[in-house]
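What follows is a short report on a single structure.
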Amino acid sequence: MENFVYKIKRNYVVFEDEKGTAFKYYQPNQRQVLEISRANGLEEVLGANEKLLRENLEACDDGKNLDKKAAKEAKEIFISELLENSTLEEFFSVMAEEFARTKEVKRKN
């Protein structure tokens with residue numbers, strides 16, 4: 108029996124906000140999905156979703172040479188604007204569609 112290497116790779120999508128800052132959003136892992144499914148009541152669900160967003164979103168260096176502090180600040184600004192001006196449900200739906208589209212492209216190749 109031959110040994111093989113199993114590489115764990117977390118899927119992500121890259122997108123830009125309206126200001127042109129690039130972000131990576133990582134696909135939720137099993138622990139995060141369970142945490143959200145166990146949340147009771149609107150406030151708990153919102154808190155679990157916001158936590159998921161903070162854990163899975165990162166601002167990336169897209170040629171603007173963001174240092175860690177600037178990247179964290181850009182992430183917090185994006186999250187604040189998202190919570191105030193949009194809905195997490197809409198954001199997560201768009202990200203889920205992107206993950207499905209990416210998976211389909213990989214499957215066809």
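Sequential numbering from 108 applies to the sequence shown in our numbering.
For each residue, glycine too, the CB sits at the ideal point set by N, CA and C.
How far does the alpha helix (DSSP H) with Lys-158 in it extend, from its first residue to its last? 148-163
Whole alpha helix (DSSP H) runs in the segment 169-198 with 4 or more residues, listed along the chain? 175-192
Sequence-distant residues of the same chain with beta carbon closer than 8 Å to Leu-190, five excluded per side
Glu-157
- Item | For Glu-142, three-class secondary structure by DSSP | Here Glu-142 sits in helix by DSSP.
Cα-Cα separation between Ser-187 and Ser-193, rounded to whole angstroms:
10 Å
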